[in-house]
Amino acid sequence: MKKTYVLVSVLVTAIVLFSYADRVSAASSHQYVPIHLIAGDKYVAPTKAQAVLVDGTTYVPLRYISEALGAKVRYQANPQGVIVSVPHASTPVTVTISNNSEASEAFIRNGRTYIPVRHVVEHLGYRVDYRASAPVVRVFDHSTISTDDMLVQHSVELNQPLPLPAWVPKKSKPKKLAYLTFDDGPGPHEAQLLKVLKEHNVKATFFLVGDAMSEQPAMVKTLHKAGHSIGLHSMTHDKDTLYASPKSTVEEMQATQKVVYGLTGTKPVICRVPYGSKPYMKQPYRDAMVKAGFKMWDWNIDSRDWALPDQPEQILENISTDLKDVPEGEPPVILLHERKVTVELLPKIIKLLEEKGYTLAPYDEKHHVSINFWNDKRL
Ligand SMILES: [Zn+2]
């Protein structure tokens, strides 16, 4: 008895040490965990029949279970389902089958029907033991050996790494996002800029100036309809007017927001303050922005395109260099302007980022990440 206890302890410890998280797949909306299967007193190799937990429910291939238990299986067409019966049970079990969801009673994958084992097998008078520690499910009729003793007996098999069945959707890697941001528009190159973005199937963020929007209202509507994101870049772009007081800063952003609302029916809260938030946006300014419900983005990649109208290669080099220093956990936010050189260079900028695995996305308020020179997480 004592020997058994020690063996079980060793086994359980070994199994727990074997990283559980690695084997959990959160692909699609379901959680899949592979589990070992013991039928009667026999360990079933996963190559023969693989059991799997789907959202906490144990599923086992029906054919294997029917063979092991001597059950009869009949498929019905409408509603699509399967009827399982055994000689000594008075009523058969019917489970419906879904082809598109694993959340229903039974499902077919790679030509195999998987059934919720506890629901079906217990109904037919068999016993089901599940041990989360292994994890293992045991299906049996009468046995002189307890499931705990079975775990000891099959400790070698149960310690083998268990793969998920091949049909389980692979965990999709989260997208690496990067943001192209264009300041000071709408400008004279707007149409060409939108054309290039469209050709490359890329979305960007435009920090627009109120006065410029009034000059090209149709362009604002066009870029909004094209799926790009609009941010607020003040009304005047004049540092003396804008930064006269916290109140004036907030009021200019509110006025800019109003212009965008009038043209697109949306009320962006993301702002980029002209010339960047340092040194102007000291604490009282930031407090006022927070109170007004605004968010504020600076950038972590400075292309310096505005200063390099004749040096496209240098602009590209600046982006490439800054990209290596983007802080951990921040998506690259690239400062660009609506300049001729920038529009001409844009295909190369896009190529550079996409080759590094980035998806170029428009700013999305719902997934806001704080990026400002003050490291003020409220913004
Ligand atoms: Zn600007």
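Okay, so the sequence shown: first residue is 0 according to numbering that gives the first Met the number 0, each after it adds one. Where is the CB? At the ideal position from N, CA and C, for every residue including glycine.
- For Ala133, the secondary structure class from DSSP, reduced to helix, strand or coil, is coil.
- Following the DSSP letters along the chain, one finds Tyr284 inside the alpha helix (DSSP H) bounded by residues 282 to 290.
- Residue environment: His367 is assigned as exposed (fewer than 16 neighbouring CB atoms within 10 Å of its CB, all protein chains considered).
- In the DSSP assignment, the residues bridged to Ser97 are Phe106.
- If you draw a straight line from the Cα of Ala44 to the Cα of Leu163, it is about 13 Å long.
- Residue Asp297 holds the alpha-carbon nearest to the alpha-carbon of Glu329 among Lys172, Lys238, Asp297, Met212.
- Tyr58: member of the beta strand (DSSP E) spanning 56 to 60, first to last residue.
- Secondary structure at Ile144: coil, using DSSP grouped into helix, strand and coil.
- The continuous alpha helix (DSSP H) containing Leu322 extends over residues 311 to 322.
- DSSP places Leu193 in the uninterrupted alpha helix (DSSP H) bounded by 189 to 198.
- Scanning Lys355, Arg377, Val59, Asn371 for the CA closest to the CA of Ala177 turns up Lys355.
- Shortest Cα-Cα distance from Glu104 to any of Gly110, Thr90, Val119, Pro91 involves Val119.
- Ala88 and Leu123 have their C-alpha atoms spaced approximately 6 Å apart.
- Assignment of Ile349 by DSSP, reduced to helix, strand and coil, places it in the helix class.
- Only buried fits Ala211, as 16 or more other CB atoms lie within 10 angstroms of its CB.
- For the segment 196 to 270, the continuous beta strand (DSSP E) assignments of 3+ residues that do not extend past its boundaries occur at 204 to 207, 228 to 231, in sequence order.
- CA-CA distance, Glu327 to Pro187, rounds to 36 Å.
- With respect to Val116, Ile64 sits close: the two C-beta atoms are nearer than 8 Å.
- Spatial neighbours of His199 in its own chain (CB-CB distance under 7 Å, excluding positions within 5 residues in sequence) are listed in chain order as Pro346, Ile349.
- As DSSP reads the structure, Phe181 sits in a beta bridge with Phe205, Leu335.
- Contact check for Asp183 against Glu343 fails: the beta carbons are separated by 8 Å or more.
- In this structure, Pro273 has its CB closer than 7 Å to one or more heavy atoms of ligand 1.
- Take Pro216, set aside five residues on each side of it, and the residues of its chain with a beta-carbon closer than 8 Å to its own are Leu262, in chain order.
- By the beta-carbon neighbour count (other beta carbons within 10 angstroms, threshold 16), Gly69 is exposed.
- Counting of Cβ neighbours within 10 angstroms places Val59 among the buried residues, the total reaching 16 or more.
- In the DSSP assignment, His118 falls within the alpha helix (DSSP H) that extends over 116 to 122.
- The count of Cβ pairs closer than 8 Å, one atom from the segment 217 to 233 and one from the segment 264 to 281, reaches three, so the stretches are in contact.
- In terms of Cα proximity to Pro185, the closest of Pro173, Met218, Lys197, Leu196 is Met218.
- Secondary structure of His366 (DSSP, three-state): helix.
- Where Ser154 is concerned, the enclosing alpha helix (DSSP H) starts and stops at 154 to 157.
- Of the other Cβ atoms in all chains shown, 16 or more fall within 10 Å of the Cβ of Asp304; this residue is therefore buried.
- Judged by pairs of C-beta atoms under 8 Å, the segment 281 to 293 touches the segment 234 to 246, as three or more such pairs exist.
- Ranked by Cα distance from Gln49, the options Leu222, Val167, Glu250, Lys376 are led by Val167.
- Taking C-beta atoms as the reference points, Thr112 and Leu161 fail to come closer than 8 Å.
- The beta carbon of Tyr129 is closer than 7 Å to those of Thr57, Val136 in its chain, skipping five residues each way along the sequence.
- Listed as beta-bridge partners of Pro33 by DSSP are Val51.
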